[in-house]
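In this note's numbering, the protein residues as written are 55 to 333.
Using N, Cα and C, we set each Cβ at its ideal position, and we do this for glycine too.
Keep in mind it's a predicted model, so treat the numbers as computed, not measured.
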C-alpha cells in the first residue's frame with residue numbers, strides 16, 4: 055500500500071455480453087468501471103477476458119434478468135463500485151433462439167426488472183438505455199393493451215390478456231415484448247425525471263450479431279434480408295453503430311431526451327410504412 059486511497063470511478067452497467075453488449079462496453083467503458091452481466095457464465099468470461107486484455111476495468115456478474123433478485127444483486131454491486139452513470143440493457147432473446155415463454159420472461163419481465171431496480175440506485179445524471187427492437191414498432195395493440203403494458207405492476211404483467219393471448223407464438227411474443235419495452239420506458243420517465251435521471255430505448259433493425267445470424271438462417275431470414283435490399287439500406291447494421299446511438303443517449307448531448315425510442319434500422323420501418331406494397 056502506498057497510502058493513497060483508490061479512486062472510485064464512475065460506473066457503467068451493461069447487461070448482455072454478446073456482440074452488441076461488448077461493443078457498447080468498449081464505447082462507454084474508457085476511464086470507467088464496467089459491470090458486465092450475462093446469464094451465460096461462459097460467454098461472460100470470454101468477454102471479460104477480451105475487455106481486460108484491452109485495458110478496461112471490468113467486473114462480471116452472472117445475472118438472469120428474468121430473476122428480480124439477480125437484478126437487485128447486480129444493481130447493488132454496481133452502486134458499491136461508484137456512481138452509476140449509465141446502464142445499458144442489451145440482454146434479450148429472439149424467436150430463432152428461444153420459445154415464447156422464455157422471450158416473455160427475458161424481454162418483457164427482464165426489462166421491467168432492470169427499469170424498476172436501477173431506479174433505486176439512479177442519481178442525478180444517470181442514463182438508462184434499454185435495447186428494444188424495430189419489431190416493437192410492428193406490434194398491433196389496442197390503446198387499452200398498451201396502457202396496461204405500460205403501467206401494470208411488474209409482477210402482474212404475465213397475467214395480462216395481451217400477454218396470455220400470445221400462447222406459443224414466439225414471433226408474436228417478440229413483437230409484443232419489444233413494444234412493452236417502449237411503453238415501460240415511457241411510463242418510467244416521470245419517476246426518473248424526478249431523480250434528475252433519464253430512461254430511453256434504442257430499437258435496432260437487423261444488426262450483425264450472433265442473434266441476427268440465427269434469425270437470418272431461420273425460415274424468415276430470406277424475407278428479412280430482402281427487405282433490407284428493398285428499403286435501400288442494402289446492408290445490416292453493425293454493433294458499433296448501435297453503440298454510437300447508445301453513447302449519444304447516455305452522453306451530454308441528449309440531456310433533454312427521455313421517455314422515448316431511437317429507431318436505428320437503416321430506414322426499414324419507414325419503408326414498410328410508406329412504400330411496401332400491401333400483400
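Residues sharing a beta bridge with residue i, DSSP
i, result
"residue 184", "143 and 255"
"residue 89", "67 and 113"
"residue 138", "65"
"residue 291", "261"
"residue 316", "256"
Rounded distance between the beta-carbons of residue j and residue i, thought under 8 Å
i, j, result
"residue 352", "residue 316", "The structure shown does not extend to residue 352, since the chain is modelled only from 55 through 333, so no value can be given for it."
"residue 221", "residue 154", "7 Å"
"residue 321", "residue 286", "6 Å"
"residue 152", "residue 115", "About 22 Å; that fails the 8 Å criterion."
"residue 282", "residue 290", "7 Å"
Rounded C-alpha distance that separates residue i from residue j
i, j, result
"residue 258", "residue 135", "30 Å"
"residue 96", "residue 69", "15 Å"
"residue 194", "residue 241", "19 Å"
"residue 175", "residue 288", "42 Å"
"residue 218", "residue 146", "20 Å"
"residue 333", "residue 83", "No answer about residue 333 holds up, because its pLDDT of 43 lies below 50 and its placement is not dependable."
"residue 56", "residue 101", "Bear in mind that a pLDDT of 43 at residue 56, under 50, signals an unreliable position, so the number given afterwards is only what the model happens to contain. Taking the straight line joining both Cα atoms gives about 32 Å."
"residue 224", "residue 62", "43 Å"
"residue 103", "residue 138", "23 Å"
"residue 173", "residue 232", "20 Å"
"residue 228", "residue 166", "15 Å"
"residue 319", "residue 284", "13 Å"
"residue 245", "residue 239", "10 Å"
"residue 198", "residue 230", "14 Å"
"residue 122", "residue 280", "39 Å"
"residue 86", "residue 74", "18 Å"
"residue 110", "residue 80", "8 Å"
"residue 323", "residue 168", "27 Å"
"residue 201", "residue 207", "12 Å"
"residue 192", "residue 305", "29 Å"
"residue 215", "residue 108", "48 Å"
"residue 59", "residue 88", "Because the pLDDT at residue 59 is just 48, under 50, the model does not fix this residue reliably, and the point stays unresolved."
"residue 112", "residue 131", "12 Å"
"residue 243", "residue 196", "22 Å"
"residue 209", "residue 311", "28 Å"
Own chain partners of residue i with C-beta closer than 6 Å, once the 5 adjacent residues on each side are dropped
i, result
"residue 171", "125, 126 and 129"
"residue 142", "68, 78, 183 and 300"
"residue 187", "232 and 257"
"residue 93", "118"
"residue 149", "224, 225 and 228"
"residue 308", "302"
"residue 234", "162 and 203"
Nonlocal neighbours in the same chain, by C-beta distance under 7 Å from residue i, ignoring five residues either side
i, result
"residue 120", "159, 160, 163 and 164"
"residue 295", "318"
"residue 335", "With the chain represented from 55 up to 333, any question about residue 335 goes unanswered, as that position is not in the structure."
"residue 236", "186, 190, 255 and 315"
"residue 156", "147"
Any non-hydrogen atom of the ligand PLP closer than 7 Å to residue i Cβ
i, result
"residue 119", "Judged by which ligands are present, the structure shown has none, so any question about the ligand PLP falls away."
Chain B contact for residue i (CB, 8 Å cutoff)
i, result
"residue 129", "Checking the listed chains, one finds no chain B in this structure; it contains a single protein chain."
Contact set for residue i: own chain, Cβ-Cβ below 8 Å, skip 5 residues either direction
i, result
"residue 99", "114"
"residue 144", "68, 69, 70, 72, 74, 75, 78 and 185"
* Taking contact to mean at least 3 C-beta pairs separated by less than 8 Å, is the region 175-189 in contact with the region 237-255? -> yes
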